[in-house]
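452 is the number that the working numbering gives the last residue of the sequence shown; the numbers go up by one with no jumps. All C-beta atoms, glycine included, are put in the ideal place defined by N, C-alpha and C. For clarity, every value in this text was computed on a predicted model and none was experimentally measured. Here the structure comes first, spelled out in structure tokens, and everything after it is commentary.
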Amino acid sequence: MQKNEIYQTIVDDLTAEGQGVCHIDGMAVFVPGTAVGDEIKVRIVKVLKNYSFGIVEEIIKPSADRVEPDCVYYKQCGGCIFRHINYKKELEIKEKIVKDAFERIGKLGPAFLPIIGCESRKGYRNKAQYPVSADKNGKIICGFYAKRSHRVVSIENCILQPDIFSKIVDIIISYAKEKKISPYKEDNNTGVLRHIYLRKGHYSDEIMVCLVVRKDISRELKGLVKQLTEQVTGVKSIVMNINPKQTNVILGRKNVILWGNDTIVDIMCGNEILISPLSFYQVNTPQAEKLYEVAKEFAELTGNERVLDLYCGAGTIGLSMAHEAGSVLGVEVIPEAVENAKENAKINGIGNAKFICGDAGEIANKLAGEKMLPDVIIADPPRKGCDEQTIDAICKMNPKRIVMVSCNPATAARDCFILSKKGYITEKVQPVDLFGGTGHVECVVLMSKVQK
Ligand code: SAH
1 MQKNEIYQTI VDDLTAEGQG VCHIDGMAVF VPGTAVGDEI KVRIVKVLKN YSFGIVEEII
61 KPSADRVEPD CVYYKQCGGC IFRHINYKKE LEIKEKIVKD AFERIGKLGP AFLPIIGCES
121 RKGYRNKAQY PVSADKNGKI ICGFYAKRSH RVVSIENCIL QPDIFSKIVD IIISYAKEKK
181 ISPYKEDNNT GVLRHIYLRK GHYSDEIMVC LVVRKDISRE LKGLVKQLTE QVTGVKSIVM
241 NINPKQTNVI LGRKNVILWG NDTIVDIMCG NEILISPLSF YQVNTPQAEK LYEVAKEFAE
301 LTGNERVLDL YCGAGTIGLS MAHEAGSVLG VEVIPEAVEN AKENAKINGI GNAKFICGDA
361 GEIANKLAGE KMLPDVIIAD PPRKGCDEQT IDAICKMNPK RIVMVSCNPA TAARDCFILS
421 KKGYITEKVQ PVDLFGGTGH VECVVLMSKV QK
């Protein structure tokens, strides 16, 4: 096989990253933007030892799974990967991604429950982080990153976000142009405006506007605050986040409140939840409620259990279970999120929940040393999963059940595999789609202590 050769073939598989795969003379060829069943002419663009890459020259007969993408930026933007495939098929693929992870990586055979899909693949996000950059002519632009890159694609309206977000972005970018606030340059750490970060409470409609800047420009932003508060209903908080570092981590540690509160409130599983800019909050609220419902069901609470909620963020999961548990203890590393969690317990009249700030592994290890014996441990780690110390401490505490909530099936499967060697059987896995259109999928896993 050689570069620029053209072959006629049929796409027979899809990767977890949404790339179609066809097989030509026994060699796998990855072809982005295709669907299983597409009959295509493919041009080979890169040949490696064991596989190749190609691009579509012509679709001879489209797959039955294909739909017309409902987004004009779909080809360039790195956000979604399934918009050319119908949602039913997307859900099947996501189910398979989860199943493959547990069977192949985890070498486990739990029961797989059918995936819980979203009502819509549009407008479900409550949060957006738009990178700001300059175009070829140095003009300030704002949008999303192109596929597998840090080049910003200018996007006026992302269909995953609430409509009001594009109006807010417009106001901010026009203001930056007028006041000559320069876009940030990642390559040499110059310029000022890095990201526009917006949140909107799904039920409350409260809006937070957070401007991520390299250095303090609060004085230059006074006029912007006036425009936002006058022109956008629902704005409750305007914050400037200062991130001086040359890094692709979006937020810095320091927040300056420019107007209003330092938090917005939303409702999650019937609880009022205060969230700061630095606190994690699931981006798809109704689907997160379903996810937490499953976690609660898997926890099998009867009213007496001691629940340890590791990686608890603003306390959402533990608080959703507190009425059915004896006590809840949450652990989280971001101080602002822990403050939110404590306040959230208070404003909802939940007296049996406590929160500790610190590294999950270190705190869990300390709790194990103090002979804390939770009945149920919830673990909802970031994408990289739990570390060894956390897993060891979990095992020392000897809970009857571990409920893992994960946005990365691969690391969840790896952690379940480790736990399987330490006396925990992976009973069942519930995939939940919180991120329709994109390549991400969430899952809840129930592990139980093997009875000796
Ligand atoms: N359970 C929460 C948050 C889940 S996201 C919810 O559903 O909203 C994962 C959380 O883990 C984030 O809040 C992140 O700040 C936190 N985190 C990341 N690394 C951590 C660590 N080493 N120790 C404790 N918490 C950590």
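Check                                                                                                                                                               : Outcome
Measuring straight from C-alpha to C-alpha, what distance separates V445 and E305?                                                                                  : 19 Å
According to the neighbour-count rule (16 or more other Cβ atoms, all chains shown, within 10 Å of its Cβ), is A379 buried or exposed?                              : buried
Over what stretch of residues does the beta strand (DSSP E) that includes A28 continue unbroken?                                                                    : 27-31
Does I81 come within less than 8 Å of chain D when only Cβ atoms are used?                                                                                          : The displayed structure is made up of one protein chain only, and chain D is not part of it.
Output the residue ranges of the alpha helix (DSSP H) runs that lie fully inside the stretch 314-365 and measure 4 residues or longer, sorted by chain position.    : 316-321, 335-347
Could you tell me which whole beta strand (DSSP E) segments of length 3 or greater appear in the stretch 375-421?                                                   : 376-379, 401-406
Return the chain-ordered list of same chain residues with a C-beta closer than 6 Å to the C-beta of M404, the five sequence neighbours on each side being excluded. : A379, A412, V445
Quick one: does the C-beta of I172 sit closer than 7 Å to a heavy atom of the ligand SAH?                                                                           : no
Just the Cα atoms here: how many angstroms apart are H423 and D359?                                                                                                 : What sits at residue 423 in the sequence shown is Gly, not His. Rounded to whole angstroms, G423 to D359 spans 24 Å at the Cα level.
List the residues that DSSP assigns as beta-bridge partners of A128.                                                                                                : L198
Return the residue from the list D392, H195, N189 that minimises the CA-CA distance to L251.                                                                        : H195
Are there any heavy atoms of the ligand SAH lying less than 7 Å away from the beta-carbon of E332, as far as the coordinates show?                                  : yes
For D309, which three-state DSSP category applies?                                                                                                                  : strand
Is any heavy atom of the ligand SAH found at a distance shorter than 7 Å from the C-beta of A337?                                                                   : yes
Is T15 near the ligand SAH, with its Cβ less than 7 Å from a heavy atom?                                                                                            : no
Do I165 and the ligand SAH come close, with the Cβ less than 7 Å from some heavy atom?                                                                              : It is Phe, not Ile, that sits at residue 165 in the sequence shown. No, since every heavy atom of the ligand SAH falls outside the 7 Å radius drawn around the Cβ of F165.
According to DSSP, simplified to helix, strand and coil, what is V256?                                                                                              : strand
Can you say whether L48 is buried or exposed, counting buried as having 16 or more other CB atoms within 10 angstroms of its CB?                                    : exposed
Cβ of P32 within 7 Å of any heavy atom in the ligand SAH?                                                                                                           : no
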